[in-house]
Amino acid sequence: MDPKSPVVTAAVATLGPADDHYPWGATDEGTDAAVGSCPALLWMFAGPMNASASTAMYVMLFNNAGYLGTATAKPTSYPWVVGSSDRSVQIEYQWLTGGEAMCCPSGGPVVVTLTLDQDNHTVTPDREFPREVTDPAPYGTVPICPVAKARLLEVLKHSGAKSLPAQPIELEDQITCSTGWAMAHTTTNRTQVLFHYRTHEGWNFVDIGNDLNCTDLGVPADLTTQLCATH
463 MDPKSPVVTA AVATLGPADD HYPWGATDEG TDAAVGSCPA LLWMFAGPMN ASASTAMYVM
523 LFNNAGYLGT ATAKPTSYPW VVGSSDRSVQ IEYQWLTGGE AMCCPSGGPV VVTLTLDQDN
583 HTVTPDREFP REVTDPAPYG TVPICPVAKA RLLEVLKHSG AKSLPAQPIE LEDQITCSTG
643 WAMAHTTTNR TQVLFHYRTH EGWNFVDIGN DLNCTDLGVP ADLTTQLCAT H
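Here the working numbering is used: the first residue of the sequence shown is 463, the next is one more, and so on.
Below you can see the structure in the form of C-alpha cells.
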C-alpha cells in the first residue's frame with residue numbers, strides 16, 4: 463500500500479489528534495503486494511509524527527474498495543503484524559507490566575487473527591484483544607506523579623537521545639512532578655532534565671540543559687513556573 467495514496471490519507475484524517483496533539487501519519491509499514499495481486503484485506507500502520515519505539519499505533523484495515531476502520535478502537539503500543547493471507551491479518555500484541563525498560567515489554571505476546579467476512583466489509587477477530595492492550599490504565603503499575611528517581615534514570619539509560627552526554631547521569635533525589643511532567647536536576651551543576659509522561663508509553667526524556675525553554679518544549683503555561691524556574 464502507498465502511505466501517500468488518497469485512500470490512506472483520507473483514512474488517517476479520520477483518526478483525530480494523537481497524544482500531545484501531534485498529527486497522525488501513515489508509516490511505511492503495510493501490505494506489500496504487487497499491483498494486480500492485492501489481497502482482499504490490506505493493512506497499514508499509522509502513528510503520531512513524534513513516534514518512538516513504544517508509541518501507541520493504529521493498525522488501519524482496508525478492502526479493495528476503501529477504508530474499513532482500525533483493528534482496535536484505541537491506538538495500542540507494541541503491535542506487530544506477524545502474518546497475513548488473502549482475507550486475514552495476524553497481529554501480535556505486547557505490553558508493559560512494570561519495571562522493565564520501555565523498549566522491552568514483558569507482557570504477552572498474544573496474537574489476534576483478524577478475518578474479513580464474506581460481506582467483504584466486516585472484520586472479525588478470532589479472540590478477544592488483551593485488556594492490558596485495549597484498556598491499559600487499570601493494569602498500569604507505574605504511577606504518574608510522584609515519579610521515582612530510579613524510573614527516570616532507567617528512561618535516560620534507554621532513550622538514545624543525542625543531546626545526552628556520553629557519561630552516565632546522576633540525578634538529585636528531589637524531583638518536581640505535576641500533571642505528567644517532571645523536572646529533575648543532575649548532581650553535577652544542577653543541569654535541568656525534563657521528562658514527559660505519555661499515555662500508553664510511560665515516561666519519556668524530553669531535553670537536558672541549563673535554563674530550558676519549557677514553553678517551547680510543550681510544558682503547559684500554568685506549569686512552567688513550578689517546573690522550570692531555576693534555583
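Just so it is clear, CB atoms sit at the ideal spot from N, CA and C, and this is done for glycine as well.
For clarity, every value in this text was computed on a predicted model and none was experimentally measured.
Sixteen is the threshold: when 16 or more other Cβ atoms of the shown chains lie within 10 Å of the Cβ of Gln556, as they do, the residue is buried.
Excluding sequence positions up to five before and after Gln688, its CB lies within less than 7 Å of the CB of Thr638, Ser640, all in the same chain and listed in chain order.
In this structure Tyr529 touches Val469 by the C-beta definition: roughly 6 Å separates them, less than 8 Å. Each of Gly487, Leu576, Asp464, Met463 was checked against the Cα of Val474, and the nearest Cα belongs to Gly487. Going by DSSP, Cys639 is part of the beta strand (DSSP E) stretching over 638-640. Comparing C-alpha distances from Pro587 to each of Thr534, Ala527, Pro682, Pro501 shows the shortest one belongs to Thr534.
Here the alpha carbon of Arg652 sits roughly 21 Å from the alpha carbon of Gly680. Taking Pro465 as reference, the option from Ala502, Tyr484, Thr517, Glu491 with the minimal CA-CA separation is Glu491. Shown here, Arg613 sits in a helix according to DSSP, grouped into three states. Residue environment analysis places Thr538 among the buried positions, since at least 16 neighbouring C-beta atoms fall within 10 angstroms of its C-beta. Among the bridge pairs identified by DSSP, Gln552 is matched with Gly545, Thr575. One thing to note: Val655 has its Cβ within 8 Å of the Cβ of Leu633.
For Gln629, no alpha helix (DSSP H) run applies, since DSSP gives it neither H nor E. Here Arg652 carries a coil assignment [DSSP, helix/strand/coil].
Per the Cβ contact rule, the region 605-612 is not in contact with the region 577-585 (fewer than 3 Cβ pairs under 8 Å). In the structure shown, the three-state DSSP call for Asp684 is helix.
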